[in-house]
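There are 2 protein chains.
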Amino acid sequence: MNEILNLSIGCENCPIQHRAVCARCDAGELEQLEAIKYYRSFEAGQTVIWSGDRMEFVGSVVSGIASLTQTMEDGRTQMVGLLLPSDFVGRPGRESASYDVVATTDLVMCCFRRKPFEKMISETPHVAQRLLEMTLDELDAAREWMLVLGRKTAREKIASLLSIIGRRDASLKLEGISGKMVFDLPLTREAMADYLGLTLETVSRQMSALKRDGVIELEGKRHVTVPSFQRLLDEAGDDSDGGLMA
Amino acid sequence: MNEILNLSIGCENCPIQHRAVCARCDAGELEQLEAIKYYRSFEAGQTVIWSGDRMEFVGSVVSGIASLTQTMEDGRTQMVGLLLPSDFVGRPGRESASYDVVATTDLVMCCFRRKPFEKMISETPHVAQRLLEMTLDELDAAREWMLVLGRKTAREKIASLLSIIGRRDASLKLEGISGKMVFDLPLTREAMADYLGLTLETVSRQMSALKRDGVIELEGKRHVTVPSFQRLLDEAGDDSDGGLMA
DNA sequence: ATACCGACTTGATCTGGGTCAAAGGCGCAC
DNA sequence: GTGCGCCTTTGACCCAGATCAAGTCGGTAT
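Structural data, given as structure tokens:
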């Protein structure tokens, strides 16, 4: 776990530090990044990129939450990725986007024009390697989620999602695995349903059930307190430590 | 689509050519690969790597089929990846495996010792870039599968699986999208169920239903004929061309 | 040939989660 | 304040797919 932020690729003026990559970047490389960098803001609900669109940029999330979603013709949608601050968006080497990228909350992104970014990668092995590591992490996360989607019950799915969101929240780090966890849900019930392969009614019912059973406490609709993180992991059917250990 | 095999990382003596990577490798690089290469054979059902095991090698599938699976304590299992010949196994930079790798059929792999392979990557940018491309493809496939697991009906799931397996079979290329497709299923009903997040009974029932409705023809349990690939894609609820176009 | 075993099919029944419908809350504009 | 919209909850009912339980089929060892 340790420092999530070091996954990001950014540059010195970003709110996000770019330790892992740019600590190793020399002045010339940083200057290159700076030259092709720009910020974009989106309102909640706006689509950042449509599936099939030509990708003009890559970048990382500065603040807010974005999600990758796939939609079938009849309207069924599945969220296939959740992008929190410091997460990277885009595919160096891909001409067009494979899924819709949607701003789930108000969103700020730090973007780099794709072509020059790709050029820089090809000339900068340590950036390419960093990207590979990040992509492998995303792949592991995606496959972890396949287990959730394919085999877990609705209650387990909710618990899994809460543990993932909570885990990324700073407040947990202070408390440790057995401790209390407090955070605000950044997703509507519908967005949770789209991520979990459920309906929003089922999400709502299971949230109520978890509350009734004392696994979580709710204040308003979004403010969540988890008295015992371990208990939540048990509910998620998760045999691991939830990624809290190194 | 075009040439699947060019995804592989191998070396000249492998049954699999290694066009994309090694066409660009010089003699010294090929010699390095050769020095750390070895073959391993597994029988159907054998576990190649246990989740959590220390990874001693990376490599690619030469023949047969392997699958990546995750298992919960209570025995529920979800297949999270299907590895066909030419697919790459392993995570440069990872000390331990994230999932079980199981030989679904008799299996031959071409392996490289991990440490020297990683060293070679760090010194050989074009190999690292090739690995990044391959990993991005895997990520797309995993996310595509999340839609299948989260939102498709049993019938659509089966049709999706058949179209993926058939698509990798050489016989299709000759016939094109509207044509006939013939192949042998390399998976038991149970393995199909584990991949699709279903039970084996449901898989069997839906296979019968697709047969009854003329979407597929079955000869024995495993030999499948698809009269119209387009029809199969329609059944899969798939709006794309199934990856047949470039 | 017999009988055994693993892979598969089919039937009967059950149930978790979907669907449809009707109310709460709560924030915001007027 | 009052009213309007959106998010959320809750209830009643239904159905796709799970579960439980017999069989069938094909290969192979005795």
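Top line first, the protein sequences correspond to chains A and B. Residues in the first sequence are numbered consecutively from 1, following the working numbering. Residues in the second sequence are numbered consecutively from 1001, following the working numbering. Backbone N, C-alpha and C fix where the C-beta goes; we use that ideal spot for every residue, glycine too.
For Met1055/B, not one C-beta of chain A is nearer than 8 Å to its own C-beta. Listed in chain order, the beta strand (DSSP E) runs fully inside the segment 1027-1078 of chain B are 1037-1042, 1047-1049, 1057-1063, 1066-1071, counting runs of at least 3 residues.
Per the Cβ contact rule, the segment 1150-1163 of chain B is not in contact with the segment 1105-1115 of chain B (fewer than 3 Cβ pairs under 8 Å).
Chain-ordered, the chain B residues with CB closer than 8 Å to the CB of Tyr99/A read Arg1143. Out of Val58/A, Gln70/A, Glu123/A, the CA that lies nearest to the CA of Lys37/A is found in Val58/A. Thr1104/B carries a coil assignment under DSSP once its states are collapsed to helix, strand and coil. Under the Cβ distance rule, Gln1230/B does not count among the residues neighbouring chain A, no pair being separated by less than 8 Å. Leu1161/B sits in a helix when the DSSP states are folded into three classes. Separation of Ser1122/B and Gln78/A (C-alpha to C-alpha, rounded to the nearest whole angstrom) is 37 Å. Listed along chain B, the residues sitting closer than 8 Å to Asp140/A by beta-carbon distance are Ser1098. In the three-state reduction of the DSSP assignment, Glu1235/B falls in the helix class, which pools H, G and I.
DSSP places Asp140/A inside the alpha helix (DSSP H), whose first and last residues are 125-151. Along the segment 1208-1233 of chain B, none of the residues has a CB nearer than 7 Å to a CB of chain A. By the criterion of at least three beta-carbon pairs nearer than 8 Å, the segment 133-143 of chain A is not in contact with the segment 211-219 of chain A. Distance from the Cα of Asp1074/B is smallest, within the candidate group Gly220/A, Arg151/A, Phe229/A, for Arg151/A.
Neighbourhood of Pro125/A in chain B, by CB distance below 8 Å: Ser1122, Pro1125, Ala1128, in chain order.
When Gly1064/B, Thr1199/B, Gly1028/B, Leu1082/B are compared, the shortest CA-CA separation from Ser1041/B is found for Gly1064/B.
Counted as a single uninterrupted DSSP element, the beta strand (DSSP E) harbouring Glu219/A occupies residues 217-219. Among the residues of chain B, none has a CB under 8 Å from the CB of Thr188/A; the nearest is roughly 17 Å distant.
Around the beta carbon of Arg1054/B, fewer than 16 other beta carbons sit within 10 angstroms, so the residue counts as exposed. In the assembly as shown, Glu1056/B is an exposed residue. Its beta-carbon has fewer than 16 other beta-carbons within 10 Å.
By the rule that beta-carbons nearer than 8 Å mark a contact, Gln206/A does not touch chain B. By the Cβ test, the segment 183-200 of chain A is in contact with the segment 215-229 of chain A, since at least three Cβ pairs between them sit closer than 8 Å. Within the segment 62-81 of chain A, the residues whose Cβ lies closer than 8 Å to some Cβ of chain B are Leu68, Gln70, Met72, Glu73, Asp74, Arg76, Thr77, Gln78, Val80, Gly81, listed in chain order. If you check the CB distance, Phe1229/B and Gly1179/B come in under 8 Å. Secondary-structure assignment with DSSP links Gly1081/B through a beta bridge to Leu1068/B. Beta-bridge analysis with DSSP links Phe183/A to Val224/A. Residues of chain A with a Cβ closer than 8 Å to the Cβ of Gly1090/B do not exist; the shortest Cβ-Cβ separation is about 10 Å. The residue from Glu29/A, Gly28/A, Thr153/A with its alpha-carbon nearest to that of Arg205/A is Thr153/A.
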